[in-house]
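Please read the structure below before turning to the comments.
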Amino acid sequence: MRLNLVLLIAVVSLFGITSILAAETNSQTPKKPVTDEYQSAKVEDDYQWLEKDDDPEVKAWSDAENKKTRAYLDKLPERAAIEKQLTAWYAKTSPNYSDIVSRPGILFAMKFQPPKQQPMLVTLTSADDLKSEKVVLDPNKLDAKGTTAIDWFAPSQDGKYVAISISQGGSEDGTLHIYETATGKALPDSIAHVQYPTAGGSAAWNADGTGIYYTRFPRKGEK
Numbered sequence: 000m001r002l003n004l005v006l007l008i009a010v011v012s013l014f015g016i017t018s019i020l021a022a023e024t025n026s027q028t029p030k031k032p033v034t035d036e037y038q039s040a041k042v043e044d045d046y047q048w049l050e051k052d053d054d055p056e057v058k059a060w061s062d063a064e065n066k067k068t069r070a071y072l073d074k075l076p077e078r079a080a081i082e083k084q085l086t087a088w089y090a091k092t093s094p095n096y097s098d099i100v101s102r103p104g105i106l107f108a109m110k111f112q113p114p115k116q117q118p119m120l121v122t123l124t125s126a127d128d129l130k131s132e133k134v135v136l137d138p139n140k141l142d143a144k145g146t147t148a149i150d151w152f153a154p155s156q157d158g159k160y161v162a163i164s165i166s167q168g169g170s171e172d173g174t175l176h177i178y179e180t181a182t183g184k185a186l187p188d189s190i191a192h193v194q195y196p197t198a199g200g201s202a203a204w205n206a207d208g209t210g211i212y213y214t215r216f217p218r219k220g221e222k
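Using numbering that gives the first Met the number 0, the letters of the sequence shown map in sequence onto residues 0 to 222.
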């Protein structure tokens with residue numbers, strides 16, 4: 000209870016000071032009125048132009064706002080101490096295992112272990128023997144920024160291979176890779192667009208592990 004209270008005070012203090020600084024130096028975002036009609040009711044939106052995240056002007060605005068926010072946060076005298084304490088507490092969080100799949104003599108699972116940004120794919124000989132854990136793929140080692148993620152995985156029926164959809168930058172646009180379970184070695188071939196935002200994706204092996212069925216979404220220009 001004491002830990003939670005201290006954590007709450009730290010977070011409130013940080014965001015409280017940030018709000019004050021932001022209010023004092025807030026810049027005006029350009030207004031570009033757009034009027035939409037909904038069931039004969041006209042609604043004017045001054046900031047609808049910001050929804051076009053691929054527009055160079057919107058990107059420039061977003062970059063400027065992020066830079067300004069970063070500058071505010073970095074100047075806070077309490078920030079470094081609070082970050083250090085929060086990181087220490089977060090690192091002590093127990094690991095979490097999910098999406099467990101059983102194959103003969105082996106368990107596949109996604110393991111989330113703070114302070115790592117992304118869950119990793121591991122194997123266990125038994126749920127009662129965590130010391131038997133082996134890492135098949137740790138996406139945090141593929142990308143130090145922590146923006147590369149495992150969307151889903153599908154082990155072969157004998158567990159010797161595992162198909163893994165990997166996406167970058169929060170895109171959820173997954174590319175399928177095949178890994179050897181025992182070594183964590185990736186096979187040379189990969190298949191793009193097996194996972195798509197909001198639509199998902201999946202893969203399934205044939206009985207003897209010599210072939211795999213998978214979803215594939217159209218590439219740009221395809222129908």
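Every residue, glycine too, gets a C-beta built ideally from N, C-alpha and C.
Boundaries of the alpha helix (DSSP H) around Ala63: 55 to 74. A Cβ-Cβ contact shorter than 8 Å links Leu136 with Leu120. Counted as a single uninterrupted DSSP element, the stretch harbouring Glu132 is not any beta strand (DSSP E), since DSSP gives it neither H nor E.
In this structure, Ile211 lies away from Ala198, with their beta-carbon atoms at least 8 Å apart. Straight through space, the alpha carbons of Gly173 and Ile163 are spaced by roughly 9 Å. With a beta-carbon spacing of about 5 Å, Pro113 and Tyr89 fall inside the 8 Å limit used to define contacts.
Cβ-Cβ distances below 7 Å link Gly145 to Gln116, Gln117, Asn139 in the same chain, with the five nearest sequence neighbours on each side left out; the list follows chain order. Assignment of Ala108 by DSSP, reduced to helix, strand and coil, places it in the strand class.
The beta carbons of Ala108 and Ser93 sit no closer together than 8 Å. Straight through space, the alpha carbons of Ala191 and Ser166 are spaced by roughly 10 Å. Beta-bridge pairing by DSSP links Ser189 to His176. Pairing Ala63 with Tyr46, the inter-Cα distance amounts to about 16 Å. One thing to note: Gln156 has its Cβ within 8 Å of the Cβ of Gly208. Here DSSP, grouped into helix, strand and coil, assigns Tyr89 to helix.
Short of 6 Å from the beta carbon of Ser201, and not among the five residues preceding or following it, lie these beta carbons of its own chain, in chain order: Thr214. For Ala148, the enclosing beta strand (DSSP E) starts and ends at 147 to 154. Excluding the 5 residues flanking it on each side, Val33 has same chain C-beta neighbours closer than 6 Å at Asp44, Gln47, in chain order. DSSP, read as helix, strand or coil, puts Arg218 in coil.
The DSSP-derived three-state label of Asn95 is strand.
DSSP places Tyr195 outside any beta strand (DSSP E), giving it a letter other than H or E.
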